[in-house]
Amino acid sequence: MYKSWWKITGVILLVYTVIAGLLLDVPRLPALQETIRNLYFHVCMWMAMMIVFTISVVNAIYYLRTFNLKYDIAARHYAAVGIVLGLLGYSTGIIWMSYTWADANNPASASFNAIAREPKLIGAAIALLVYFAYMILRDSIQDMDKKARISSVYNIFAFAMLFPSIWIMPRILPSLHPGQEGNPALNVKDDIDGSMRMVFYPAVIGWTLLSIWIATLKIRLSLWKEKKLMA
Amino acid sequence: MERKKVDGMKKLNYFLLAIFVFCFHMIAGAQGDPSKVQMADSMRSNGKIYVVIAVILTILIGLVLYIVRLDKKISRLEKEK
Chain A
-1 MYKSWWKITG VILLVYTVIA GLLLDVPRLP ALQETIRNLY FHVCMWMAMM
49 IVFTISVVNA IYYLRTFNLK YDIAARHYAA VGIVLGLLGY STGIIWMSYT
99 WADANNPASA SFNAIAREPK LIGAAIALLV YFAYMILRDS IQDMDKKARI
149 SSVYNIFAFA MLFPSIWIMP RILPSLHPGQ EGNPALNVKD DIDGSMRMVF
199 YPAVIGWTLL SIWIATLKIR LSLWKEKKLM A
Chain B
3 MERKKVDGMK KLNYFLLAIF VFCFHMIAGA QGDPSKVQMA DSMRSNGKIY
53 VVIAVILTIL IGLVLYIVRL DKKISRLEKE K
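Taken in order, these protein sequences are the chains called A and B. One point on numbering: in the working numbering, the residue at position 92 of the first sequence is 90, and numbering is uninterrupted. Each number in the working numbering corresponds to the 1-based position in the second sequence with 2 added.
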């Protein structure tokens, strides 16, 4: 395998996440109960998504500075992996909230009414839709250079949209979703329990490394295709 | 007269204290005693949790092996000219 040490690190961290994440003690909180362990999986999807989108925008900027097509291909595939992580985060969030937010005493429609107003859900949906638009925009342009240039510029806008939609807006509006104040799960003081920190940070790194690995595979494959077309 | 006023104050104080204690109980009750929160303790004590871990690890390792194979295949493609 090509430069494999970080891939092995990622896999070891993920194995550690599953074992320690299910076995170590967690705070006993009402409503959350054992589902608090989802922090190692659901939240990590979003963390990895943000990191991967950041890598994508950095590659887009590199493309605009050098006009080397390989950076554009990298930006595209990192964005695609980011979208997958976002969708996984969204669907895991749906499962989690239907067991913790939804009030069993109310009819499902009333719970849905409250949940559908969640600013965090709307913000995340906007952010993902902006990235869907990036894919559509890219694939609708035939000319290689034009495609790369326009989509790289759009990538920067899409990244900029992440700020209001998932970092600012949900913090201003009232919400059921935790992490209103400051940086959720990253605050050094009184945020998540110390024992959870021991699993959460390795978990973020592990999931991120795994997604980067998948992205690099896709990038290498399309670079190979590109080379084959040229030859 | 003076005595009555003091008694009244005392009563009021006790009343306020009672309300405070009652509210405190309400809040404490809502928060829940940590040891009373239902967790999957029995799953841990009878060791069934290891079954869950084994299943998740198997899926994870299976997916990783699949990615490793893909990685090797792509490396082979890159090498051949």
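Each residue gets a CB set at the ideal place from its N, CA and C atoms; glycine is no exception.
How close, in whole Å, do the beta carbons of I164/A and A122/A come, if the pair is a contact with beta carbons under 8 angstroms? Counting from 1 along the first sequence, the entry for residue 164/A is found at position 166. Counting from 1 along the first sequence, the entry for residue 122/A is found at position 124. With 8 angstroms as the limit, I164/A and A122/A qualify as a contact, their Cβ atoms being about 6 angstroms apart.
Please list the partners that V66/B has in chain C, where partner means a Cβ-to-Cβ separation under 7 angstroms. The displayed structure is made up of protein chains A and B, and chain C is not among them.
Where the alpha helix (DSSP H) through L86/A begins and ends: For the purposes of this step, residue 86/A is identified with residue 88 of the first sequence, where counting begins at 1. Unbroken alpha helix (DSSP H) run through L86/A: 67 to 98.
In this structure, does DSSP put I73/B in helix, strand or coil? Translated into positions along the second sequence, residue 73/B becomes position 71. Reading off the sequence, residue 73/B comes out as Asp, not Ile. Helix, per DSSP.
Assign I210/A to one of two classes, buried (16 or more other C-beta atoms within 10 Å of its C-beta) or exposed (fewer than that). Residue numbering aside, residue 210/A sits at position 212 when the first sequence is read from its first letter. Buried, since its Cβ has 16 or more Cβ neighbours within 10 Å.
Could you tell me the boundaries of the alpha helix (DSSP H) in which V231/A lies? This structure gives no information on residue 231/A, because the portion of chain A shown stretches from -1 to 229.
For P25/A, is the classification buried or exposed, using 16 other Cβ atoms within 10 angstroms of its Cβ as the cut-off for buried? For this step, residue 25/A is matched to residue 27 along the first sequence. With fewer than 16 other Cβ atoms within 10 Å, it is exposed.
If I'm right that V50/A touches V13/A with Cβ under 8 angstroms, what's the distance once you round it to whole angstroms? For the purposes of this step, residue 50/A is taken as residue 52 along the first sequence, with counting starting at 1. For the purposes of this step, residue 13/A is taken as residue 15 along the first sequence, with counting starting at 1. No, V50/A and V13/A are not in contact; Cβ-Cβ is about 21 angstroms, not under 8 angstroms.
Apart from the five residues on each side of it in sequence, which residues of its chain come closer than 6 angstroms, Cβ to Cβ, to H75/A? Residue 75/A sits at position 77 when you count from the first residue of the first sequence. Taken in chain order, the residues that qualify are A213, K216, I217.
Reference G84/A; option with closest CA among Y129/A, Y38/A, M95/A, W3/A: By one-based count along the first sequence, residue 84/A stands at place 86. Out of Y129/A, Y38/A, M95/A, W3/A, Y129/A has the C-alpha closest to the C-alpha of G84/A.
Please confirm whether L20/A has its beta-carbon closer than 9 angstroms to some beta-carbon of chain B. Translated into the one-based positions of the first sequence, residue 20/A becomes position 22. Yes - at least one Cβ of chain B is within 9 angstroms of the one on L20/A.
Helix, strand or coil for S2/A? Go by DSSP, reduced to three states. To locate residue 2/A, count along the first sequence from 1; it is residue 4. Here S2/A sits in coil by DSSP.
Reduced DSSP secondary structure (H/G/I, E/B, other) of H27/B: What you label residue 27/B is simply residue 25 of the second sequence in a count that begins at 1. Summary for H27/B: the model assigns pLDDT 48, below 50, so the residue's position carries little reliability, and this model does not support an answer.
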